[in-house]
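Just below is one structure, and these are the notes that go with it.
2 protein chains.
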Amino acid sequence: MGFEKIAGGITAVSGFMAAGIHCGIKKSKKDLALIYSATPATSAGVFTKNLFQAAPVLLTRERIKNKLQAIIINSGNANACTGEKGLEDARAMAAYTARALGIPEESVAVSSTGVIGEYLPMEKIIAGIKDICSCLSAEGGPQAAEAIMTTDTVPKEAAVRGKIKGLPFSVGGIAKGSGMICPNMATMLAFIGTDLQIERELLQKTLKEVVNRTFNMITVDGDTSTNDTVLLLANGQAGITIEAPGPELDTFKEALLAVSAKLAKMIVRDGEGATKVIALKIKGCPDFASGRQMAMAVLNSNLVKTAIFGKDANWGRIVTAMGYSGVDFEPSKVEVNLGHLPVARNGRGLAFSEEEALTVLEQDEIPITINLNLGTTEVEAWGTDLSYEYVRINAEYRS
Amino acid sequence: MGFEKIAGGITAVSGFMAAGIHCGIKKSKKDLALIYSATPATSAGVFTKNLFQAAPVLLTRERIKNKLQAIIINSGNANACTGEKGLEDARAMAAYTARALGIPEESVAVSSTGVIGEYLPMEKIIAGIKDICSCLSAEGGPQAAEAIMTTDTVPKEAAVRGKIKGLPFSVGGIAKGSGMICPNMATMLAFIGTDLQIERELLQKTLKEVVNRTFNMITVDGDTSTNDTVLLLANGQAGITIEAPGPELDTFKEALLAVSAKLAKMIVRDGEGATKVIALKIKGCPDFASGRQMAMAVLNSNLVKTAIFGKDANWGRIVTAMGYSGVDFEPSKVEVNLGHLPVARNGRGLAFSEEEALTVLEQDEIPITINLNLGTTEVEAWGTDLSYEYVRINAEYRS
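Chains E and P are the protein sequences, given in the same order. Residue 3 is where the first sequence starts when you use my numbering, and the numbers rise one by one after that. Residue 3 is where the second sequence starts when you use my numbering, and the numbers rise one by one after that.
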């Protein structure tokens, strides 16, 4: 690969500044983040497919058609299911940010995460926006990563540096998400920047492909929120322009994939009450879509999840989930491995050592490999176990 | 309605005998059941849609084309993922039962529930079949209901009596199922009898319709097992024959619906670790299929389930699940009621008293009513909350 991992996240990329502060939506934790690019950036976005779309999602969907220069993000309140007033509030967040930064209103995107069905405390947010604009710095990435957290237990940053035609470039981002709660739901958010200049449609297409292989391949509880958003800003500070597919775009795509995969896995690892990560590989799929569909059925099965929590080599629950996933395959060709241990062949169980299985199940990350022996496509996806702690977090949030 | 609830289950119906014994698959609990009809009965069946189909399902699917006179059922081992030998074992169970009862092999259906991926202990089962045939009695229904249990905590029976053209008839059945475990999975099984004589295609069509409104409208964890089976036997002992649609078939259908709904609700109420039943009604659906799809998305959402467990009036989680259910609807028309309490209108949250919400959430059965305001179809479905106990049962089964 033409790139190396570097420290930090969004502000590891040339021309990006950020800040994170407490403005009073939450009791005491940081709840307002700002990301700013020194120059207007070509933008791409992937948004929730939920029919209920929060107000900031509706606004930002439109705004990414413009060049973007800032993203204002609040946590603690999702501004979802809030009707016309919610949309006005989202527009006001952008307008106040634009005014404070002296940039056009249309170049500001908005994102929110937290409680749904309640109006934003706009007075606190407007005061916060004035404060945060004076806090922007090239070292502010970690503060922004912290300010977008809800039930996350750790901030999530990732960045890589590479070279194109001998010139250095970088890609870096921050993310949040550990399940949907708080008290109604939380959200998966990711904000990624690069200092490359990339033609808008190429940028959008590349982001979509990468999201499909990373953020769309993780699941904590299978719920898709009203606010899920991945934004990508390309500000051109590196002095490299990509206007057509080719090896340079491929290099960028690899870098974006590395950053997105790292952020996605951090989200899973921080999954609500998760004690283990399930790393599922399905080989021999007829195509990507059916491989993904099957992977999600297996990783969202409460019976698979509780078996992994209980360190139980329950391959029967895995094949059962495959069988009801809606994907057409031949049961008699199916192979299942738990780590290195073959547990099923030709759709039938094998005798295996429970002790050997336990050495796999005691790891923090449990590799499960399925082979459908039908095609040549391989998919990878990540999920979590289901623990008492998940139930506690989601049942007792307000008690 | 032209019928009344009566005590008992399958043996409350004229001409049906049953028995349940311990043959040694389980340590000490009953594990072998037999249902017998005095005369060959027209049969109908609805089976799991899982691509992995257990051996007894493959066999019984074929057998229901004949008139059936007996069903032999074991619990403790599902005879699933067992290949050709599993199919031979299922055939042998039918053959030994037929021989002991002096009836044709083709008139015996077979059903199994329990561990998957292991071969049946055929010696114990063959010895058990010899014993059980001599235990058959018209009072044996409760023993059979007990012998088909796996993680069920109570046996499940239901029966009704009605009149057609002044003549009495009855419908009765037994069922099991409380989630999928043991250690790989358990199963939903129901065996229902009637003393009416009904033309085979009408019987099959009626069963399918009724299953769609009852057994297919419940969910504990969304997992569909390899063995799920509903069998219906019509033995004609009541002296009434139904050969065409009309008011007589409608009367039978109502009776079958009452028995199936009662058994289905008993399964939900006995759901693994369930502390509450969620009774979900979706009004104003464009059609039945999309209403059912949405109901299952809401009832299978771990976030909805944990909220109900935690007595939290989290309507946001309900609308989120609706939004990702894949059903097309208009968010701005959506109404949600928790019990009698309106919590959302026009897709937006309402101010409501948390105290009033709590009085609803402290009930054993939580009624949630959604109105999509799109069509005239109404669906009803039942699910459970997600408790610590669910995680314990499914994580620690073998420890």
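A virtual CB, placed ideally from N, CA and C, is assigned to each residue, including glycine. From a predicted model like this one, the values you see are computed outputs, not experimental measurements.
Q) Got a sec: is the Cβ-Cβ distance from E/Cys83 to anything in chain P below 8 Å? A) yes
Q | Under 7 Å by beta carbon: chain P residues contacting E/Pro333 | A | Leu53 and Phe54
(Q) At the level of alpha carbons, what is the spacing between E/Ala405 and P/Ala297? (A) Outside the shown range of chain E (3 to 401) lies residue 405 of chain E, about which nothing can therefore be said.
Q. With 16 as the cutoff for other CB atoms within 10 Å, does E/Glu159 come out buried or exposed?
A. buried
(Q) According to DSSP, is P/Met19 part of a helix, a strand, or is it coil? (A) strand
Q. DSSP three-state call for P/Val222: helix, strand or coil?
A. coil
(Q) Distance cutoff 8 Å, beta carbons only. Does P/Arg400 sit that close to anything in chain E? (A) Interpretation of P/Arg400 is limited by its pLDDT of 46, a score under 50 that renders its predicted location unreliable; no figure is taken from the coordinates.
Q. Going by DSSP, what residues sit across from P/Cys287 in a beta bridge?
A. P/Thr379
Q. DSSP three-state call for P/Cys184: helix, strand or coil?
A. Residue confidence is low: P/Cys184 scores 34 on pLDDT, short of 50, so the model does not pin down where it sits. Its coordinate-derived value is still stated next. Here P/Cys184 sits in coil by DSSP.
**Q.** Contacts around E/Thr277, its chain only, beta-carbon distance under 7 Å, and the 5 residues preceding and following it disregarded
**A.** Phe311, Asp387 and Ser389
Q: Could you tell me how far apart the beta carbons of P/Trp317 and P/Gly351 are, in whole angstroms, since I believe they sit closer than 8 Å?
A: 7 Å
Q. Since P/Leu360 and P/Lys307 are thought to touch, with beta carbons under 8 Å apart, how far apart are those beta carbons, to the nearest angstrom?
A. Incorrect: roughly 18 Å between the Cβ atoms, too far for contact.
(Q) Would you say P/Ala309 lies against chain E (beta-carbon separation less than 8 Å)? (A) yes
Q. Of the residues P/Val156, P/Gly273 and P/Lys207, which one's Cα is nearest the Cα of P/Glu245?
A. P/Lys207
Q | E/Thr208, enclosing alpha helix (DSSP H) - first and last residue | A | Arg202 to Arg215
Q | Cβ separation of P/Ser113 and P/Pro58, assumed to be a contact under 8 Å, to the nearest whole Å | A | 5 Å
Q: Have a look at the DSSP bridge pairing and note the partners of E/Gly273.
A: For E/Gly273, which the question treats as bridged, DSSP gives no partner whatsoever.
Q: Go ahead and label P/Gly353 buried or exposed: buried means 16 or more other beta carbons lie within 10 angstroms of its beta carbon, across all protein chains shown.
A: Here residue 353 of chain P is Ala; the residue named in the question, Gly, does not match the sequence. Exposed.
Q. Three or more beta-carbon pairs under 8 Å between the segment 21 to 36 of chain E and the segment 125 to 135 of chain E, yes or no?
A. yes
Q. Just the Cα atoms here: how many angstroms apart are E/Phe254 and P/Val345?
A. 47 Å
Q) Near E/Val212, what residues of its chain come up, given a Cβ to Cβ distance below 8 Å and the 5 sequence neighbours on each side ignored? A) Lys255, Leu258, Leu259 and Ser262
Q | Selection of the segment 350 to 378 of chain E by Cβ proximity to chain P, strictly under 8 Å | A | Arg350 and Gly351
Q: Assuming P/Leu76 contacts P/Asp91 (C-beta within less than 8 Å), just tell me the rounded distance between them.
A: Residue identity check: residue 76 of chain P is Asn in the sequence provided, not Leu. About 10 Å; that fails the 8 Å criterion.
(Q) For E/Leu388, would you say it is in contact with chain P, using Cβ-to-Cβ distances shorter than 8 Å as the test? (A) yes
Q. Three-state secondary structure (DSSP) at E/Arg400?
A. Confidence at E/Arg400 is low in this model, with a pLDDT of 46, below 50, so the placement of that residue is unreliable and no value is reported for it.
Q | Contact set between E/Ser227 and chain P, taken where Cβ atoms lie within less than 8 Å | A | Thr322
Q) From the DSSP output, which residues share a beta bridge with E/Gln199? A) E/Thr243
Q: Starting from E/Gln71, follow the beta strand (DSSP E) in both directions and report where the run begins and ends.
A: Leu70 to Asn79
Q | CB contact check: E/Leu305 to chain P, cutoff 8 Å | A | yes
Q | Closest residue to E/Pro247 among E/Val338, E/Leu204 and E/Val393 (Cα-Cα distance) | A | E/Leu204
Q: Determine the extent of the beta strand (DSSP E) in which P/Lys165 is found, giving its start and end residues.
A: Lys158 to Ile166
Q. With burial defined as no fewer than 16 other Cβ atoms inside 10 Å of the residue's Cβ, what is the status of P/Met182: buried or exposed?
A. Any reading at P/Met182 needs caution, since the residue's pLDDT is 49, under 50, leaving its predicted position unreliable; the model's value is listed next. Label assigned to P/Met182: buried.
Q. In the structure shown, what three-state DSSP assignment does P/Leu53 receive?
A. coil
Q) Nearest-angstrom Cα distance between E/Pro185 and E/Asp154? A) In this prediction, E/Pro185 scores a pLDDT of 33, lower than 50, which makes its location untrustworthy; the coordinate-derived value is nonetheless stated afterwards. Whole-angstrom Cα-Cα distance: 14 Å.
Q) Quick one, which of P/Ala291, P/Gly273, P/Glu141 and P/Ala146 has its alpha-carbon nearest P/Arg215's? A) P/Ala291
Q: Report all residues from its chain with a CB closer than 6 Å to the CB of P/Gly26; omit the five preceding and five following residues, and keep chain order.
A: Lys126
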